[in-house]
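Protein chains in written order, with the numbering used here: chain H, 1 to 231; chain C, 232 to 462; chain R, 463 to 693; chain U, 694 to 924.
Below you'll find the structure, written out as structure tokens, and then a few comments.
There are 4 protein chains.
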Amino acid sequence: MNKNKDISQDKHEDQLLFSELLKLGTTQKKRTEKQDRILQSAVDVFAEKGYAAASTSEIAERAGVAEGTIFRHYKTKKELLHSIMVPVMLKFIAPASIDDFVKVLETKYESYEDFLRAIITNRLTFARNYLPVIKILLQEIPFQNELRGQFINIAKDKVMGKMVAIIEYYQQRGDIRPLPPLTIIRLTVSVFLGYVFSRLILVPDNSWDDQQEIEQSIAFIMKGLSPNLDG
Amino acid sequence: MNKNKDISQDKHEDQLLFSELLKLGTTQKKRTEKQDRILQSAVDVFAEKGYAAASTSEIAERAGVAEGTIFRHYKTKKELLHSIMVPVMLKFIAPASIDDFVKVLETKYESYEDFLRAIITNRLTFARNYLPVIKILLQEIPFQNELRGQFINIAKDKVMGKMVAIIEYYQQRGDIRPLPPLTIIRLTVSVFLGYVFSRLILVPDNSWDDQQEIEQSIAFIMKGLSPNLDG
Amino acid sequence: MNKNKDISQDKHEDQLLFSELLKLGTTQKKRTEKQDRILQSAVDVFAEKGYAAASTSEIAERAGVAEGTIFRHYKTKKELLHSIMVPVMLKFIAPASIDDFVKVLETKYESYEDFLRAIITNRLTFARNYLPVIKILLQEIPFQNELRGQFINIAKDKVMGKMVAIIEYYQQRGDIRPLPPLTIIRLTVSVFLGYVFSRLILVPDNSWDDQQEIEQSIAFIMKGLSPNLDG
Amino acid sequence: MNKNKDISQDKHEDQLLFSELLKLGTTQKKRTEKQDRILQSAVDVFAEKGYAAASTSEIAERAGVAEGTIFRHYKTKKELLHSIMVPVMLKFIAPASIDDFVKVLETKYESYEDFLRAIITNRLTFARNYLPVIKILLQEIPFQNELRGQFINIAKDKVMGKMVAIIEYYQQRGDIRPLPPLTIIRLTVSVFLGYVFSRLILVPDNSWDDQQEIEQSIAFIMKGLSPNLDG
DNA sequence: AATGAATGAGGCTTCATTCAT
DNA sequence: AATGAATGAAGCCTCATTCAT
Chain H
1 MNKNKDISQD
11 KHEDQLLFSE
21 LLKLGTTQKK
31 RTEKQDRILQ
41 SAVDVFAEKG
51 YAAASTSEIA
61 ERAGVAEGTI
71 FRHYKTKKEL
81 LHSIMVPVML
91 KFIAPASIDD
101 FVKVLETKYE
111 SYEDFLRAII
121 TNRLTFARNY
131 LPVIKILLQE
141 IPFQNELRGQ
151 FINIAKDKVM
161 GKMVAIIEYY
171 QQRGDIRPLP
181 PLTIIRLTVS
191 VFLGYVFSRL
201 ILVPDNSWDD
211 QQEIEQSIAF
221 IMKGLSPNLD
231 G
Chain C
232 MNKNKDISQD
242 KHEDQLLFSE
252 LLKLGTTQKK
262 RTEKQDRILQ
272 SAVDVFAEKG
282 YAAASTSEIA
292 ERAGVAEGTI
302 FRHYKTKKEL
312 LHSIMVPVML
322 KFIAPASIDD
332 FVKVLETKYE
342 SYEDFLRAII
352 TNRLTFARNY
362 LPVIKILLQE
372 IPFQNELRGQ
382 FINIAKDKVM
392 GKMVAIIEYY
402 QQRGDIRPLP
412 PLTIIRLTVS
422 VFLGYVFSRL
432 ILVPDNSWDD
442 QQEIEQSIAF
452 IMKGLSPNLD
462 G
Chain R
463 MNKNKDISQD
473 KHEDQLLFSE
483 LLKLGTTQKK
493 RTEKQDRILQ
503 SAVDVFAEKG
513 YAAASTSEIA
523 ERAGVAEGTI
533 FRHYKTKKEL
543 LHSIMVPVML
553 KFIAPASIDD
563 FVKVLETKYE
573 SYEDFLRAII
583 TNRLTFARNY
593 LPVIKILLQE
603 IPFQNELRGQ
613 FINIAKDKVM
623 GKMVAIIEYY
633 QQRGDIRPLP
643 PLTIIRLTVS
653 VFLGYVFSRL
663 ILVPDNSWDD
673 QQEIEQSIAF
683 IMKGLSPNLD
693 G
Chain U
694 MNKNKDISQD
704 KHEDQLLFSE
714 LLKLGTTQKK
724 RTEKQDRILQ
734 SAVDVFAEKG
744 YAAASTSEIA
754 ERAGVAEGTI
764 FRHYKTKKEL
774 LHSIMVPVML
784 KFIAPASIDD
794 FVKVLETKYE
804 SYEDFLRAII
814 TNRLTFARNY
824 LPVIKILLQE
834 IPFQNELRGQ
844 FINIAKDKVM
854 GKMVAIIEYY
864 QQRGDIRPLP
874 PLTIIRLTVS
884 VFLGYVFSRL
894 ILVPDNSWDD
904 QQEIEQSIAF
914 IMKGLSPNLD
924 G
């Protein structure tokens, strides 16, 4: 059980500034300092008020740039949103490290539980670091059709295949029940996002014992998926 | 196993029109037909575009009334939102039937599983009937502080106490593990809302086998909460 | 110096309720109690906010009648204003008693000073009793052309002639200087309205010694108009 | 009697355009030509219709700008009003030249009459040049509490002290009666504003002989305040 | 006579976007 | 590249007035 080298240690991926995040994964032109400030302000304002209620003038003000400057870099407000969300979606649902999972599937994690613990810890760290963008993502997915399409495509193309492969691997090993892999993903992700939502949006002021809640969630999922209920 | 006449059959509560829903639970003045049309249009537009992006003029147009008419009945756009959401919250998180659960706790449902199946089926029926308002609720909770406060209060005052009592009852009976009841609620609700979200918002066009997904979800939860993993 | 029977004692004229005032001077239809309440509320709201900023709905609300009721009695908001102002103008600038002045000019007041004291005290009592309508009058005169026309006409037809006669009488007696009577009126009225404005609008919270201020004002006017500057 | 180069000649102060007036007395940012046009139109419309009845759309139209442009420079309609009135109040009740009065009190004006003639002529010139804003001032003082407060403060801080000193000086010289200085100010200002109001608002179409009316007003005030009525 | 729901024109204000500097 | 003044469409809301009941 190699708990030590778990994914959450992947500082290179998750503890970067937002502007750094955006650089990854796409071939971006050089971004100026003003552009960075615009993006950061946009993230803040979108997360605070929602996309529709956010005003470009407030974004500009917080970024310390003129109103017109935003539109020099992003043709429309919607393009600004997309400039933020696309790299985030790539990162959020398709961590760079997932490839590693596939590659070293058998050797890296002995059990589905280890895999689960690794990925949940990792994604929670990510969510905590980029909470505002996650919030935007969850908020806007229902309204921004194009965004939703991209999200689903990314999920399909970059994640689902691999996840299914991983799940089937553990199913064959007898770690988990032979439910449809998509159902397993849904159940797992529900528990995870349910925690993120409760923890970060619904009652953030509560005193949460993250460590314990996560362990309980993992145990819950593992038992829920275990093949041997009455075996 | 599950009681036959399960709660989802409670047509009097859940299969009414939206305008009927609003009548329940509060002593409302008589609502005119135009008022009903305004409310229905508001629900539609809020659900389609989100509160902030919805315009009162579009709501009026769809309702076939003059824009001013909206403001004769609802002082502000926000009041219109609240007029919709408050009764929904009361109904959604605090079904009238929950009192029955408490009253006839022992006799009515033999097991936590039966209880779970009953309440999930019931709430899913409700969610399906009032999908748009559920969508609004999930969307606006992060931004409308007052709404969120009311939501949390209603949850606290009307549901949590009873749910905790029910859960502790089944825990004493040995049906489920002695986790903190709030954690159990979080896990259960996560699975439920995760399904609603996937089913109704994220990929609504998929062909879903509701019956099977629900059974799988219930089984997942039951196993996840069962005390006898390695007993 | 018959100070005793001065005009301010004319209770029949000045200390009536507003609704009573309106009855005088014009042949009005019977007014219902609701009409009275509408008029009184209109006076209040017009005086508080100004005609343009007053809303008929607030007037209705304060009067305790439905919005539509106002328009059953007064075709338009402007007609409501006029219904208030016309009788007031008649009373304010053309006191019923002025006829008496002319009739008994010589015998009633021995000097211009007595006349002045009588009329100022009288008009001040009136202004105090009907302050709100005076305020409306002063406010709307510049904007309501029709009102201004009527005001000037009433002043011309009912007052100026008589006032000029009175002033010329005292001028012939050598009481006051042979300035143009209109100039004398302007100077006198200025001092009077200047006091009303300071006293009732500009700094109403001040502690004013009315008795003394009035006496000083009268003395000021008398000296200002006295013929014997270098006599 | 009166000094020849009287204050009304102070062209640098009083005969500037309105936009010029606004520049004085405060350190203003540069104003664009459109801003000037907005201010001028606002003055016109406010004066014509009153603040409440003036519409920002008409102001914009007359200024030849888009309505939105107004709100780029003035956050609200009320701020637009204040932007106009504050400098005017400073100029109207607190002429720059009043300091000179104090400084050169004895030498500059031999008598209260000279002082009075100077200041009245000066203020009348000002009023004539800026008639619309004076009209707005007189109209809105009763309704705009904040404006009234500022007006009173400016009067207190900048004028009253000096005026009282001047009046007491002439009282000690025996020029005028020992009435309370505030009463003297009230009487004097009443006569002055009474003339302005009659002349410019009530019956502007009359043919007025300004020179003569002013001299008569001054004579009236002087006699009214003279100590030696029956000396 | 009285009501109050309904209207639609118009009010103030915000906003994304453009463009001359 | 950056600015910020300018725009005009659109947003929320108010209001005087009408009319069916």
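Even for Gly, the Cβ is constructed at its ideal location relative to N, Cα and C.
Keep in mind that this is a model prediction, so the values were computed, not measured.
Do U/Met782 and U/Ile847 have their CB atoms nearer than 8 Å?
U/Ile847 sits close to U/Met782, with the two beta carbons spaced by under 8 Å.
Select from U/Glu772, U/Phe785, U/Leu732 and U/Leu831 the residue whose C-alpha is nearest the C-alpha of U/Glu754.
When each option's Cα is compared against that of U/Glu754, the closest is U/Leu732.
Using C-beta distances below 6 Å, list every residue in its chain close to R/Glu568, excluding the 5 sequence neighbours before and after it, in chain order.
Interpretation of R/Glu568 is limited by its pLDDT of 48, a score under 50 that renders its predicted location unreliable; no figure is taken from the coordinates.
My assumption, with CB atoms under 8 Å, is that H/Gly64 sits in contact with H/Arg37. Please give the rounded CB distance.
Between H/Gly64 and H/Arg37 a beta carbon distance of about 6 Å is seen, short of the 8 Å cut, so the two are scored as contacting.
Could you spell out the range, first to last residue, of the alpha helix (DSSP H) harbouring U/Val826?
Per DSSP, U/Val826 is one residue of the alpha helix (DSSP H) stretching across Leu824 to Glu833.
Does any residue of chain H have a CB that is nearer than 8 Å to the CB of C/Val420?
For C/Val420, the answer is yes, since a Cβ of chain H falls inside 8 Å of its Cβ.
Chain H within 8 Å of C/Pro409, Cβ atoms only:
Not one chain H Cβ lies under 8 Å of C/Pro409.
C-alpha gap between R/Ala589 and U/Thr725, whole angstroms:
For the pair R/Ala589 and U/Thr725, the Cα-to-Cα distance works out to about 47 Å.
Under 8 Å between C-beta atoms of C/Phe382 and C/Ile372
Result yes, Cβ atoms of C/Phe382 and C/Ile372 sit closer than 8 Å.
Would U/Leu774 pass as an interface residue toward chain R - the criterion being a Cβ-Cβ separation below 8 Å?
Under the 8 Å criterion on CB atoms, U/Leu774 is classed as non-interfacial with respect to chain R.
Report yes or no: is there a C-beta of chain R within less than 8 Å of the C-beta of U/Pro835?
Interface flag for U/Pro835 against chain R is set, since a Cβ pair is found closer than 8 Å.
Min CB distance U/Ser919 to chain R below 8 Å:
For U/Ser919, the nearest CB of chain R lies under 8 Å from its own CB, placing it at the interface with that chain.
Buried versus exposed, by CB contacts within 10 Å (16 or more), H/Ala165:
H/Ala165 should be labelled exposed.
How big is the Cα-Cα spacing for U/Tyr767 and U/Ala735?
For U/Tyr767 and U/Ala735, the distance between alpha carbons rounds to 12 Å.
Check each candidate in C/Pro458, C/Ala283, C/Ser314 and C/Phe302 and name the one with the smallest Cα separation from C/Gln403.
Selected option, being the one with the closest Cα: C/Pro458.
Runs of alpha helix (DSSP H) wholly within the segment 155-215 of chain H (minimum 4 residues, chain order):
Entirely contained in the segment 155-215 of chain H, the alpha helix (DSSP H) runs reaching 4 residues are, in chain order, 161-172 and 181-197.
At a CB distance below 8 Å, what residues from the segment 663-677 of chain R approach chain U? Give them in sequence order.
Residues Ile663, Leu664, Val665 and Glu675.
Say whether chain U places a C-beta atom closer than 8 Å to the C-beta of R/Gln612.
Not one chain U Cβ lies under 8 Å of R/Gln612.
In chain U, which residues lie with their C-beta within 9 Å of the C-beta of R/Ile596?
Here the premise fails: no neighbours, minimum Cβ distance about 11 Å.
Amino acids of chain U, ordered along the chain, whose beta-carbon sits closer than 7 Å to that of R/Phe577:
Those do not exist, as R/Phe577 stays about 17 Å from chain U at its closest Cβ, beyond 7 Å.
Simplified DSSP state of R/Thr531, which is helix, strand or coil:
Three-state DSSP puts R/Thr531 in a helix.
Top-ranked residue by Cα proximity to R/Leu609, from R/Gly686, R/Phe533 and R/Glu541
Cα-wise, what sits closest to R/Leu609 is R/Glu541.
For H/Ile218, collect the residues of the same chain with a Cβ closer than 8 Å to its Cβ; drop the 5 residues on either side in sequence, then sort them by chain order.
Same-chain partners within the cutoff: Glu113, Leu116, Arg117 and Ile120.
In this structure, does DSSP put C/Lys306 in helix, strand or coil?
Coil, per DSSP.
Measure from the alpha carbon of U/Lys727 to the alpha carbon of each residue in U/Ala759, U/Ser748 and U/Lys770, then state which is nearest.
For U/Lys727, the closest alpha carbon among the candidates U/Ala759, U/Ser748 and U/Lys770 is that of U/Ala759.
Quick check on H/Thr183 - is its C-beta less than 8 Å from some C-beta in chain C?
Contact with chain C is found for H/Thr183, since one of that chain's Cβ atoms lies less than 8 Å from the residue's Cβ.
Hey, does C/Ala283 have any beta-carbon neighbour from chain H nearer than 8 Å?
It does: the Cβ of C/Ala283 has a partner Cβ on chain H nearer than 8 Å.
Residue-level contact to chain R via CB, U/Leu886, 8 Å cutoff:
Interface residue, yes.
What is the rounded straight-line gap between the Cα of H/Lys49 and the Cα of H/Arg72?
If I take the Cα positions, the gap works out to 23 Å.
Could you check if C/Asp492 is buried or exposed, using at least 16 other CB atoms within 10 Å of its CB as the buried criterion?
Residue 492 of chain C lies beyond the range of chain C shown here (232 to 462); nothing can be said about it.
Comparing the C-beta of C/Ser448 with each C-beta of chain H, is any distance below 8 Å?
Taking Cβ atoms only, chain H reaches closer than 8 Å to C/Ser448, which makes this a yes.
So with Cβ pairs under 8 Å, would you call H/Ile221 a contact of chain C?
So, interface residue.
If you measure beta-carbon to beta-carbon, which residues of the segment 855-869 of chain U are closer than 8 Å to chain R?
Taking 8 Å as the cut-off between beta carbons, none of the residues of the segment 855-869 of chain U comes near chain R.
Sequence-distant residues of the same chain with beta carbon closer than 7 Å to C/Ala285, five excluded per side:
Here the set comprises Val276 and Phe277.
Just the chain C side, please: which residues come within less than 7 Å of H/Ser198 by C-beta, in chain order?
Within 7 Å Cβ-Cβ: Arg417.
Could you say which of H/Val133, H/Ile167, H/Tyr195 and H/Ile70 lies nearest to H/Pro87 if we only look at CA atoms?
Measuring from the Cα of H/Pro87, the nearest candidate turns out to be H/Val133.
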